[in-house]
Amino acid sequence: MKKIVILGLLLCIHHLATAQIDPELLRDPTRDTSRRQLNMDAVYGRPFIQVGKLPVAIGGYVEANYQYLGENGISEGHQFQMRRLSLFVSSSIAKRIKFLSEIEFEDGTKEINIEFASVDFEFAPLLNFRGGVVINPIGSFNQNHDGPKWEFVDRPFSSTQMLPDTWSNVGFGVYGKKYTNNWVYGYEAYFTNGFDASIISNQENKTFLPAAKENPERFEESFNGSPLLTGKFAVRNNKIGELGVSYMGGVYNKYKDDGLTLDRKRRVDIFAIDFNSTLPGSNTYINGEWAWVKVNVPPTYTEQFGRKQQGGFVDLVQPVLKRSIFGFEKSVVNVAVRLEYVDWNKGRFISTGDKIADELWSVVPAISWRPGSQTVLRLNYRINRQKDILGNPPFRSGGIQFGFSTYF
Amino acid sequence: MKKIVILGFVFLLVAGIIACEKIIPKAPGNDEILDGPVDGLTPEQNAIFLRGDIAFNDEVFTAQTGLGPLFVATSCGSCHAGDGKGHPFTMLTRFGQTDSTGNKFLHLGGPQLQHRAIPGYQFESIPAGATFSRFMPPANTGLGFLDAVPDATLLALADPNDVNGDGISGRPNWIPSASYIIYRPGTIERNGKYIGRFGKKAAVYDLMQQTANAYNQDMGVSSTYEHYDTYTGLETDPEISNKTVLDVIFYLRTLKAPVQRNQSDPDVITGKQLFVSISCSKCHTPQLQSGPSSIAAIANKTFFPYTDLLLHDMGTGLDDGYTEGSASTAEWRTPALWGLGLSKNSQGGNYFLLHDGRARGIEDAILLHGGEANQSKSSFKQLNATDKVRLLKFLESL
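Protein chains in written order, with our numbering: chain A, 1 to 408; chain B, 1001 to 1398.
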């Protein structure tokens, strides 16, 4: 029922906005989103369209793809997927009070999530208050995840299968930025609802932080009454690039219920570092993220569930052709590659002293064509090697993916 | 120029799609993996096999779905990666029984140690005074064939009093029956007991008992078959459906028999001859015949498991002081050797052989044999280096 109401409201808003569309009235529909900003600006650095003097602007992106993937010789065949449709609505409530929301429909309508719905109060450049459903600023991908910004059909494994992607929670916090010549400094810090015990009790049979995303209750009730702290500091030099350092941590288990003690407090702590840069001369774009996860798993539990995890990705994107193609005047063709690694269980078996595996490597060569700054068509070839916890011969998977993603 | 680009792109796309089958990673050969169904299943049986496969390998229990509170593993597949042997990390511990009079530690959690627990619960420890043994999870493949061997075949292989004087005296483990057992055709009963054939001590009658026990004792999941909670000892509601249990049993019954590799290699052929000539084959019986079965694909088939499914005294070196059923503490059921060469692929690239994984290689395992196998072990030690390599190559080909 909730999904139907949300869908209905969005359709109404969208209809109201589009029913009177006259291209002359649209403001800033082709803004280049690749301009230099911090990752933490990504939610507002999107192309919105605004009709006339209406205080509301809307936007969104859509992505769909075809894929033919297989594992150890067995394929699921030809798959056509509508992975996401995201709708943004922003509004200037007053001169320095803003509202922004993002609602995402994933895999058709299998998942409908409010990813972001916050009100910002601007007190000073270095002090702004934000409250509502906020995206926890861990790493860079969580904040800067819009499909059109990436040359790859899949989101990075480390950002979806180790860290939860588009991980948002209800909470409050502050953020701010400072500009000095070529330098930009920014920070964010939020207290929000957080993880739950599903991170060590799930169908993945491993410590799996994204399992907490399955709990919609977190938008109205904290699992254990302990806030999750997320903080990030980022610095950018316009000639060098951006470096971000972030932390997210809190208690994930229900240690008390109805006043009775059930367990001791058990924490999850995550540290991440992210960077991006464009090499002068070659214009090679480098973007990466690495994260370390530490989970206090009960000593009564099996080693199947990792106490430490680590993983990340690095994308290299090289523009190779900039010219008019098929009448798209500012077309860019890129070749790219993504290198990924995730270790879901960093450590050694007590019984043998051998390394616990449970890890994945992936290489994804890609060709992308950007007919404009807001649209990308991309062809990927995925090569994955995933080892089980014992380090047995890896599952070999891979195949081709072709798709598009565009803001609208 | 533009047309050429368009044509080129379309050509690449079409060629890519046509070539899809070629560009996904290749399937390993049928003889390189242990999992997969036996040949000859009907489409209906294939569907049951797939359901069982998912329940066995993909279903992970959590506290919400019935795990524990005490447990050893969270899923069947955790202990049998790729349907192969387990790893020391997934080993079971059993304790509390020293002779055929039964387990004296049932009131203290015996026979199986649940050494893991969901948050907030305390796992079990071995009670003072209890002897114990650690059991490496076995491979699952070909179990349906072993299950379908008639009792009469096993009795024919047995020689409990060593009448033929060869020093080898295999005997069945006579065990009480579980209430839910459906007896296979030709089941033989003696004094209210039946022949066990599964487990390290052959203390399990069939795959239904094995499966229901594993859900209950390994994962703390109760069923209508085994409906006592391992933590409280009290009868509890089923936490898994009969249908799922039966699907898993069907899956285990219809997993293919391991396929021998390099059968035409002269060293392997000679190695097999040596295996027979030094009497390893007297316990590790190369060939058995299944009897009637409700699954046509496994009924009345000849297969090559290298086991007689009987108990043999393996000497003091392998006597842990723990037993099950009517077996003595030094007696072990002959493990099937099929799939031996693929064991490393489910044990993290290493060998962990014998009942508790103490042998780190096939030669190690041979040299740790004792009791009834002493003569064969001595014969192996006397082989020249070349013949030892041939014998080991044969065993690795299984």
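No residue lacks a Cβ here, since even glycine has one placed at the ideal position from N, Cα and C.
Residue i burial status per 10 Å Cβ neighbour count (16 or more: buried)
i	result
TYR1231(B)	buried
ASP258(A)	exposed
LEU1224(B)	Looking at the sequence shown, residue 1224(B) is not Leu but Thr. Exposed is the call here.
PRO371(A)	buried
ASP28(A)	Model confidence at ASP28(A) stands at a pLDDT of 43, short of 50, so the residue's coordinates are unreliable; what they give is reported in the following sentence. Exposed is the call here.
ALA272(A)	buried
TYR1183(B)	exposed
ILE1198(B)	Going by the sequence as given, residue 1198(B) is Phe instead of Ile. By the 10 Å Cβ count, PHE1198(B) comes out buried.
ALA1385(B)	exposed
TRP1332(B)	buried
ASN1030(B)	exposed
LEU126(A)	exposed
Helix, strand or coil at residue i according to DSSP, with G and I counted as helix
i	result
ASP1364(B)	helix
THR230(A)	strand
PHE141(A)	coil
ARG236(A)	strand
GLY1370(B)	coil
ASN392(A)	coil
GLY398(A)	strand
ASN39(A)	helix
LYS206(A)	coil
LEU1041(B)	coil
GLU214(A)	helix
VAL1245(B)	helix
SER34(A)	Unreliable positioning characterises SER34(A) in this predicted model, as indicated by a pLDDT of 42, which lies under 50. The coordinate reading is nonetheless provided below. Coil at SER34(A), not helix or strand.
ILE270(A)	strand
SER1293(B)	coil
ASP28(A)	Bear in mind that a pLDDT of 43 at ASP28(A), under 50, signals an unreliable position, so the number given afterwards is only what the model happens to contain. In this structure, ASP28(A) counts as coil in the three-state DSSP scheme.
MET1314(B)	coil
ILE1188(B)	coil
GLY176(A)	strand
LEU1354(B)	coil
Proximity of residue i and residue j at Cβ, strictly below 8 Å
i	j	result
GLN1260(B)	SER1397(B)	yes
GLN318(A)	VAL293(A)	no
ASN142(A)	ASN136(A)	yes
ALA1226(B)	ASN1242(B)	It is Glu, not Ala, that sits at residue 1226(B) in the sequence shown. Not a contact, by the Cβ cut-off of 8 Å.
PHE1056(B)	VAL1221(B)	no
ASN72(A)	PRO1025(B)	yes
THR300(A)	GLN1122(B)	yes
GLY1142(B)	PRO1258(B)	yes
LEU228(A)	ASN193(A)	yes
GLN67(A)	GLY399(A)	yes
LEU1106(B)	LEU1310(B)	no
GLY1361(B)	HIS1312(B)	no
PHE402(A)	ASN65(A)	yes
PRO1172(B)	ALA1203(B)	no
Among the options, the one whose alpha carbon lies nearest that of residue i
i	options	result
ASN1140(B)	LEU1367(B), ARG1253(B) and ASN1046(B)	ARG1253(B)
HIS78(A)	ARG378(A), LEU69(A), LEU85(A) and GLU115(A)	LEU69(A)
ASP231(A)	VAL134(A), TRP183(A) and ARG218(A)	First, the residue type needs correcting, since residue 231(A) is Gly and not Asp in the sequence shown. Measuring from the Cα of GLY231(A), the nearest candidate turns out to be VAL134(A).
LYS178(A)	GLN37(A), LYS239(A) and GLU115(A)	GLN37(A)
LEU262(A)	ARG1134(B), PRO1119(B) and LEU1367(B)	PRO1119(B)
TYR247(A)	PHE208(A), PHE191(A) and GLY45(A)	PHE191(A)
SER1133(B)	MET1091(B), ASP1364(B) and ALA1027(B)	MET1091(B)
SER1264(B)	ASP1308(B), LEU1070(B), ARG1390(B) and HIS1087(B)	ARG1390(B)
GLN161(A)	PHE48(A), ASN253(A), ILE325(A) and LEU360(A)	LEU360(A)
ALA336(A)	GLY306(A), PHE408(A) and ARG382(A)	ARG382(A)
PHE195(A)	SER226(A), SER368(A) and ALA189(A)	SER226(A)
VAL235(A)	GLU188(A), GLN401(A), ALA57(A) and PRO365(A)	GLU188(A)
LEU85(A)	SER92(A), GLU122(A) and GLY147(A)	GLY147(A)
LYS239(A)	LYS346(A), THR278(A), SER168(A) and LEU390(A)	THR278(A)
LYS1200(B)	ARG1358(B), PHE1049(B), GLU1324(B) and GLU1032(B)	GLU1324(B)
ASP424(A)	HIS145(A), VAL62(A), SER118(A) and ASN276(A)	For residue 424(A) there is no data in the structure shown, the boundaries of chain A being 1 and 408.
Closer than 7 Å at the beta carbon, the chain D residues around residue i
i	result
ILE1023(B)	Checking the listed chains, one finds no chain D in this structure; the protein chains it contains are A and B.
Residue i beta carbon near the ligand GDP (any heavy atom closer than 7 Å)
i	result
PRO55(A)	The ligand GDP is absent from the structure shown, which contains no ligands of any kind.
task: Determine which residues of the stretch 1109-1135 of chain B have a Cβ less than 8 Å from any Cβ of chain A, and write them out in chain order.
output: The stretch 1109-1135 of chain B vs chain A, Cβ under 8 Å: ARG1116, ALA1117, ILE1118, PRO1119, GLY1120, TYR1121, GLN1122 and PHE1123.
- request: Please name the residues in the stretch 234-266 of chain A whose beta-carbon is closer than 8 Å to at least one beta-carbon of chain B, in chain order.
  value: Residues of the stretch 234-266 of chain A whose Cβ lies closer than 8 Å to any Cβ of chain B, in chain order: ASN253, LEU262, ASP263 and ARG266.
- request: Taking a Cβ distance cut-off of 8 Å, strictly less, list which residues of the stretch 1315-1346 of chain B are near chain A, in chain order.
  value: Shown in chain order are the members of the stretch 1315-1346 of chain B whose Cβ falls below 8 Å from a Cβ of chain A: ASN1345 and SER1346.
- request: Mind checking the stretch 296-313 of chain A against chain B and listing, in chain order, the residues whose C-beta falls within less than 8 Å of any C-beta there?
  value: Cβ contacts with chain B come from PRO298, THR300, TYR301, THR302, GLU303 and GLN304.
message: What are the residues in the stretch 339-352 of chain A lying within 9 Å of chain B by C-beta distance?
response: Flagged, chain order: PHE349, ILE350, SER351 and THR352.
- request: Mind checking the stretch 203-227 of chain A against chain B and listing, in chain order, the residues whose C-beta falls within less than 8 Å of any C-beta there?
  value: Within the stretch 203-227 of chain A, the qualifying residues are GLN203, GLU204 and ASN205.
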